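Enquirer: Can you keep this structure in mind? I'll have questions shortly.
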Amino acid sequence: MDKSEILNLLEQYSRGEIKQDELATRLASPGLEEMGFATLDTDRQQRTGIPEVIYSEGKSPRQLADIAKRLHDKGIPILATRATREKYEAVLKKVPGAIYHDLARTIVHKQKGIPESDTYIAVVSEGTSDMPVSEEAAITAEFMGRSVERIYDVGVAGIHRLFNRMELIRGASVVVVVAGMEGALASVVGGLVDTPVIGVPCSAGYGANFGGVSALLAMLNSCAAGVSVVNIDNGFGAACQAHLICKKQVSKR
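Under our numbering, the first residue of the sequence shown carries the number 2, and numbering increases by one thereafter.
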């Protein structure tokens, strides 16, 4: 619970809208919302800088919609990843104004804010087939209030395409590189920039790609300094890491 929420509760108490016992209970709350099938962490944004985000796979449309509504009622912005259009339709009935991004498979409500500075995150994609993961990263970063530059289809099979965009890539505070196949793009970019590079191995590729394992191992074995790696297809995780890096960079200025 942040300062504004505490002040709001105290004002409600002073107006007689809530009783002393209810005030004490809510102030003593550990920031949890019990729903039976889910326990929401409503204080996560204050604690970590990233709000509670819904992973939609494995949840029914009704469960997802109920969680989204509870977050909405608490004034918490909504980001649901790996969501289908069917699940979006269920959420939309309970959270009017929610937006569905087909390629990224994300549901968003009340994202963004004013960027803290003129910095941006570059999301660099090896190929068009990697775009669902790239867009998950880009939409997540924008949800966190970050400016994003999308630089897509610049893989090593035609590496001159990458060099043609290097000025924009070098200007980023953090570079997220999404690559399937052999996953070499993260190492190439890591050897060309002086900013953190976050590699996202992508499952796009033929059989020997092993669903992204070959790209994962290639990125983990990168000889380029400053390259970190998240899980296969985890555009969300890469964007969260990039957001926190940008947050620290801004706070030190």
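Where a beta carbon is used, it is the ideal one built from N, C-alpha and C, also for glycine.
The structure displayed is predicted, hence computed values, not measured ones.
Please check the pair L41 and L72, which I expect to be a contact at CB under 8 Å, by giving their CB distance rounded to whole angstroms.
Expert: Between L72 and L41 the Cβ distance is about 7 Å, and since that is below 8 Å, they are a contact.
Enquirer: Of all the alpha helix (DSSP H) runs that stay within the bounds of the segment 157-203, which reach a length of 4 or more residues?
Expert: If we require 4 residues or more, the alpha helix (DSSP H) runs fully inside the segment 157-203 come out as 161-164, 167-171, 186-191.
Enquirer: Is it buried or exposed, I122, if we count other Cβ atoms within 10 angstroms and call 16 or more buried?
Expert: Classification for I122: buried.
Enquirer: Could you tell me whether the Cβ atoms of A105 and V92 are closer together than 8 Å?
Expert: Not in contact: A105 and V92 (Cβ atoms no closer than 8 Å).
Enquirer: Starting from E87, follow the alpha helix (DSSP H) in both directions and report where the run begins and ends.
Expert: 86-95 is the span of the alpha helix (DSSP H), which, as asked, contains E87.
Enquirer: Is the CB-CB distance between M182 and G206 below 8 Å?
Expert: Yes, the Cβ-Cβ distance between M182 and G206 is below 8 Å.
Enquirer: Can you tell me where the beta strand (DSSP E) with E150 in it begins and where it stops?
Expert: 149-152 is the extent of the beta strand (DSSP E) around E150.
Enquirer: With which residues is V230 paired in a DSSP beta bridge?
Expert: BP columns for V230 point to G200.
Enquirer: Using a Cβ-Cβ cutoff of less than 8 Å, which residues in the same chain neighbour R86 once the five nearest sequence positions on both sides are dropped?
Expert: Y101, D103, listed in sequence order.
Enquirer: Would the beta-carbon of A219 fall within 8 Å of that of N210?
Expert: No, they are not a contact pair.
Enquirer: Bridge partners of D42, per DSSP?
Expert: Bridge partners of D42: L33.
Enquirer: Pull up the distance between the alpha-carbon of L28 and that of D119, whole angstroms please.
Expert: So the two alpha carbons sit approximately 37 Å from each other.
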